[in-house]
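Trainee: So that we are looking at the same thing, I have put the structure below in structure tokens.
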Amino acid sequence: MKSILRVTAIVLLLLLTTGCGLQNSPLKKQQTGQTNQNEQDIRINAELTRRAKETAGSIKGVKESTAIAINRDVTVAVKVTGLDRWRLKPIKNEVHDKIKELDKAYNVHVTSDKKHCVQLKQIESQLSEPQDTKMTDVLNKVNKIIKEIDS
């Protein structure tokens, strides 16, 4: 009985020590290296961003719009107020279709959520400033917004 308990304790001790040893493994270091590499792969299409923002703003019922085209995604936030809120779904569909016509290679995500609108405006102003902006942070923020839009 004591030998079984002793063997179990040794096995648990080995499992705990090897599990904690994975924190400094090469796999973890490789992932941080990939982040730096991905920083160079992130592309923002400023022209498509501008055209998407203008296109969304030109649609009847849209009071204000903001957009960002990053990698292969165009994320657009529109502000629809007053009685036009009754037509929110058709307005969002029209925005989606018109922006998809601009470049069919991009995935288009449209939202009318106020929180997303504020977040996209912050990202837009962050990108327009000459300060050092971490593109991975921008991509993560946009991907979070896209995930919330699509859910």
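Residues in the sequence shown are numbered consecutively from 12, following the working numbering.
All C-beta atoms, glycine included, are put in the ideal place defined by N, C-alpha and C.
Which runs of the alpha helix (DSSP H) fall wholly inside the segment 81-146 and span at least 4 residues, in chain order?
Mentor: 99-113, 125-139
Trainee: Assess, as a yes-or-no matter, whether the segment 70-83 is touched by the segment 91-111 under the definition of 3 or more beta carbon pairs within less than 8 Å.
Mentor: yes
Trainee: What first and last residue would you give for the alpha helix (DSSP H) that runs through lysine 64?
Mentor: Per DSSP, the unbroken alpha helix (DSSP H) holding lysine 64 starts and ends at 57-69.
Trainee: Which residues in the same chain have their Cβ closer than 7 Å to the Cβ of valine 121, if we skip the five residues on either side of it in sequence?
Mentor: Val87, Val89, Lys103, Val106, His107
Trainee: Apart from the five residues just before and just after threonine 144, which ones in its own chain have a Cβ nearer than 7 Å to its Cβ?
Mentor: Cβ neighbours of threonine 144 beyond the five flanking positions: Gln137, Leu138.
Trainee: Contact defined as beta carbons within less than 8 Å: I believe leucine 113 pairs with arginine 54. What is the distance between those atoms, to the nearest angstrom?
Mentor: The pair is not a contact, with the Cβ atoms about 16 Å apart (cut-off 8 Å).
Trainee: Beta-carbon separation of aspartate 148 and asparagine 118 under 8 Å?
Mentor: no
Trainee: Buried or exposed: which applies to isoleucine 11, given that a residue is buried once 16 or more other Cβ atoms fall within 10 Å of its Cβ?
Mentor: Because the chain here runs from 12 to 162, residue 11 falls outside it and cannot be looked at.
Trainee: DSSP beta-bridge partners for isoleucine 79?
Mentor: Thr86
Trainee: With 16 other CB atoms within 10 Å as the buried threshold, where does leucine 99 fall?
Mentor: exposed
Trainee: Taking the Cβ atom as the reference point for each residue, do alanine 80 and asparagine 56 lie within a distance shorter than 8 Å?
Mentor: Between alanine 80 and asparagine 56, the gap from beta carbon to beta carbon is short of 8 Å.
Trainee: Exposed or buried, serine 123, counting other C-beta atoms within 10 Å across all chains shown (16 or more means buried)?
Mentor: buried
Trainee: Is the beta carbon of threonine 77 less than 8 Å from the beta carbon of lysine 155?
Mentor: Contact: no.
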